[in-house]
Structures are given as structure tokens and as C-alpha cells.
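Have a look at the structure below before the remarks.
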Amino acid sequence: MTFCNELRKETDIYWEGSFQHPFVKGIADGTLPLDKFKYYMIQDAYYLKHYAKVLAFAAAKCETPEEFAYYTDTAKFINEAELELHRSVFLELNVTKEELEQSEPAPGAINYINHMYSAVHNGDVAEAFAAMMPCPWLYLEIGMYYKDAKPGVNLYEDWIAMYSSDDFQVTIQKQISMMNAYAAAASPEKLAILKSHFKNSCYYELQFWEMAWTKENWVPESVR
0 MTFCNELRKE
10 TDIYWEGSFQ
20 HPFVKGIADG
30 TLPLDKFKYY
40 MIQDAYYLKH
50 YAKVLAFAAA
60 KCETPEEFAY
70 YTDTAKFINE
80 AELELHRSVF
90 LELNVTKEEL
100 EQSEPAPGAI
110 NYINHMYSAV
120 HNGDVAEAFA
130 AMMPCPWLYL
140 EIGMYYKDAK
150 PGVNLYEDWI
160 AMYSSDDFQV
170 TIQKQISMMN
180 AYAAAASPEK
190 LAILKSHFKN
200 SCYYELQFWE
210 MAWTKENWVP
220 ESVR
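Numbering follows numbering that gives the first Met the number 0, in which position 122 of the sequence shown is assigned residue number 121; successive positions increment by one, without gaps.
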């Protein structure tokens, strides 16, 4: 069993939780209220901005030109492609520049981002990669899980199509190969750290759906 197969098996509870979360299922069947999707997209834009920065920090720790190129190219792709997608979606959702600038990052988004920053600042590139990898891998699996869904909402159909595309599958297969290579060169102690970072990110991915579903904010439930 490869290292990534082990990771996937050991964290399956979080993946299944994501597949069955009402936010994700609402995208697939078209019942998710647009205000929840709007909230999610705003938080995701904040997350992606920092994800690209984590990639840049990881690039500074790379030991080969090829590895450096991968991280810098991926950071550039996120800035130019994924954030452009968000900008186009924001037009459909009537999200203004002012609204985006004034939006406050939710606790769940900040916790997730801080976890990745901790991994990249306190560890090496392999540790940073272990913390970053669950996000795209999970999105591919969600895309494949619901690729035949017909939500009847253009935004949701485009979202599913993007994360089930052939190009995205190729991207994730490359990342799986990279993670397995990092693991092959790691000591038992390092493997434990990689697993911990990966597992924590899987947890935060599941919490991200819940954050969007509840439109989480900084006001405690007891005083709402």
C-alpha cells in the first residue's frame, strides 16, 4: 500500500463526511441557497490567497530547480486562474469589490490557514505539502463523486465540472506521486508528522463546509 493510500484510508471519515455534508450535497442537487454559496466563495477567495502564499514559502525551501518551478508555477496558477474564476463568479453573485474587501474571514478559514502557515514555517517542503494536499485531492474526489449530478444551477454545474475535469485529474495524480516520493525519503518520525499535517487538513476541509453551511461568524451561538 502506498503512503497516499494509507493517508486516504486513515482519513476516510473526513472524506465521507464531506461527500455527505449538506453543503456539498446541496451543490450536487441544486438545493443549496445561493447566499450560502456566496458566503463560501468569499471565504474560499480568502483561503486561496493565503494558499498561494504558503506555496511561495514552500518554494523557498525547495532543493531542486524542478521542485521550485512546481511550487512557483502552482502559486501563479492559483492567482491567475482560480482567483479569476472567483472574480467571474462574484459578478454572477453580485459581490462588489467593497463587499469583498469588508468581508471578515471566518474562524474556520483562519484556523485552516494558520495550520498551513505553521506547517510551512516550522517544517520543510514535504511537511508543507502534506498540509496543502488534502484540499485539491478532496475536491477532485467530490467532483468525481458527483460528476453525473444535474443540479440545474449553472454555478453549481460549473463547480462540479471544474473539479471532475481530465486536467484536474492529471494534476492530482502528479501530487499523489509527489507525496509518495516525499514519504519514501522520510524517516519514521517524519512520516508521523506528514500524517498529522494531512489529517488535520482533512478535518479543516470538513469544517470548511460546515463553516459555509452555517455562515459562521465571530459571534458566539450563546449570544446570537
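No residue lacks a Cβ here, since even glycine has one placed at the ideal position from N, Cα and C.
Fill in: Cut-off 7 angstroms between Cβ atoms - residues of its own chain near isoleucine 175, not counting five sequence neighbours on either side
In the sequence shown, the residue the question calls residue 175 occupies position 176. Cys3.
Worksheet entry | The alpha helix (DSSP H) enclosing tyrosine 155, as first and last residue numbers | Here the question's residue 155 lines up with position 156 in the sequence shown. Where tyrosine 155 is concerned, the enclosing alpha helix (DSSP H) stretches over 153 to 162.
Worksheet item: Going by the beta-carbon positions, is the gap between alanine 58 and threonine 71 smaller than 7 angstroms?
Response: Numbered from 1 along the sequence shown, position 59 holds the residue referred to as residue 58. Numbered from 1 along the sequence shown, position 72 holds the residue referred to as residue 71. Yes, these two residues count as a Cβ contact at 7 angstroms.
Worksheet item: For leucine 190, which of Ile12, Glu126 and Ala108 has the nearest alpha-carbon?
Response: Here residue 190 refers to the residue found at position 191 when the sequence shown is read from its first residue. Considering only alpha carbons, the answer is Glu126.
Practice prompt. Tell me whether tryptophan 136 sits in a helix, a strand or coil according to DSSP, three-state version.
Written response: Sequence index remark: in the sequence shown, residue 136 carries index 137 (1-based). Reduced to three states, the DSSP call for tryptophan 136 is helix.
Discussion item. Which of the three DSSP states is assigned to alanine 211 in this structure?
Written reply: On the sequence shown, residue 211 is found 212 positions in, with the first residue counted as 1. In the three-state scheme derived from DSSP, where H, G and I count as helix and E and B as strand, alanine 211 is classed as helix.
Discussion item. Taking its Cβ as the centre, do 16 or more other Cβ atoms sit within 10 Å of glutamate 204, making it buried, or is it exposed?
Written reply: One-based indexing of the sequence shown puts residue 204 at position 205. In summary, glutamate 204 is buried, with 16 or more beta-carbon neighbours lying within 10 Å of its beta-carbon over all protein chains present.
Discussion item. Helix, strand or coil for asparagine 93? Go by DSSP, reduced to three states.
Written reply: On the sequence shown, position 94 is the one that residue 93 refers to. Residue state, collapsed to three classes: coil.
Discussion item. So for histidine 114, helix, strand or coil by DSSP?
Written reply: Taking the sequence shown and counting its residues from 1, the one referred to as residue 114 is at position 115. In the structure shown, histidine 114 sits in a helix (DSSP, three-state: H, G or I).
Discussion item. Given a cut-off of 7 angstroms on the beta-carbon distance, is the pair lysine 173 and aspartate 123 in contact?
Written reply: The residue labelled residue 173 in the question sits at position 174 within the sequence shown. The residue labelled residue 123 in the question sits at position 124 within the sequence shown. Not a contact, by the Cβ cut-off of 7 angstroms.
Item to complete: Measure the CB-CB distance between glycine 107 and methionine 210 and report whether it falls below 7 angstroms.
Response: On the sequence shown, residue 107 is found 108 positions in, with the first residue counted as 1. On the sequence shown, residue 210 is found 211 positions in, with the first residue counted as 1. Contact: yes.
Discussion item. When you compare the segment 212 to 219 with the segment 149 to 167, are there three or more beta-carbon pairs, one atom per stretch, that lie closer than 8 angstroms?
Written reply: Taking 8 angstroms as the limit for Cβ pairs, the verdict is that the segment 149 to 167 does not touch the segment 212 to 219.
Worksheet item: If we count Cβ pairs, one from each stretch, closer than 8 angstroms, do we get three or more for the segment 11 to 30 versus the segment 161 to 168?
Response: no
Discussion item. Tell me the rounded alpha-carbon separation between lysine 35 and threonine 170.
Written reply: Residue numbering aside, residue 35 sits at position 36 when the sequence shown is read from its first letter. Residue numbering aside, residue 170 sits at position 171 when the sequence shown is read from its first letter. Going from the Cα of lysine 35 to the Cα of threonine 170 covers about 28 angstroms.
Worksheet item: Considering methionine 0, what are the terminal residues of the alpha helix (DSSP H) in which it resides?
Response: Here residue 0 is taken as the residue at index 1 of the sequence shown, counted from 1. Per DSSP, methionine 0 lies in no alpha helix (DSSP H) segment and is marked neither H nor E.
Worksheet item: Considering only residues of the same chain and omitting the five flanking positions on each side of histidine 49, which have a CB-CB separation below 7 angstroms?
Response: Stepping through the sequence shown from its first residue, residue 49 is reached at position 50. Counting only Cβ-Cβ distances below 7 angstroms, and skipping sequence neighbours, we find Ile112.
Worksheet item: Hey, how far is the Cα of tyrosine 39 from the Cα of isoleucine 192?
Response: On the sequence shown, position 40 is the one that residue 39 refers to. On the sequence shown, position 193 is the one that residue 192 refers to. So the alpha carbons of these two residues sit roughly 30 angstroms apart.
Discussion item. List, from N- to C-terminal side, the alpha helix (DSSP H) runs of 4 residues or more that fit wholly inside the segment 172 to 219.
Written reply: 187 to 213
Worksheet item: Rounded to the nearest angstrom, how far is the Cβ of methionine 178 from that of alanine 118, given a contact under 8 angstroms?
Response: Indexing the sequence shown from 1 puts residue 178 at position 179. Indexing the sequence shown from 1 puts residue 118 at position 119. Contact flag wrong, Cβ pair sits at about 13 angstroms.
Discussion item. Once the 5 residues before and after glutamine 206 are set aside, which same chain residues still bring their CB inside 8 angstroms of it?
Written reply: Mapped onto the sequence shown, residue 206 falls at position 207. Correct list, in chain order: Gly107, Asn110 and Tyr111.
Discussion item. Going by C-alpha to C-alpha distance, which of Val23, Ala185, Leu33 and Thr1 sits closest to alanine 148?
Written reply: Taking the first residue of the sequence shown as 1, we reach residue 148 at position 149. For the residues Val23, Ala185, Leu33 and Thr1, the minimum Cα distance to alanine 148 belongs to Val23.
Worksheet entry | Contact set for alanine 185: own chain, Cβ-Cβ below 7 angstroms, skip 5 residues either direction | Mapped onto the sequence shown, residue 185 falls at position 186. Around alanine 185, the same chain offers Ala125 and Leu193 as residues with beta carbons nearer than 7 angstroms, after the five sequence neighbours per side are excluded.
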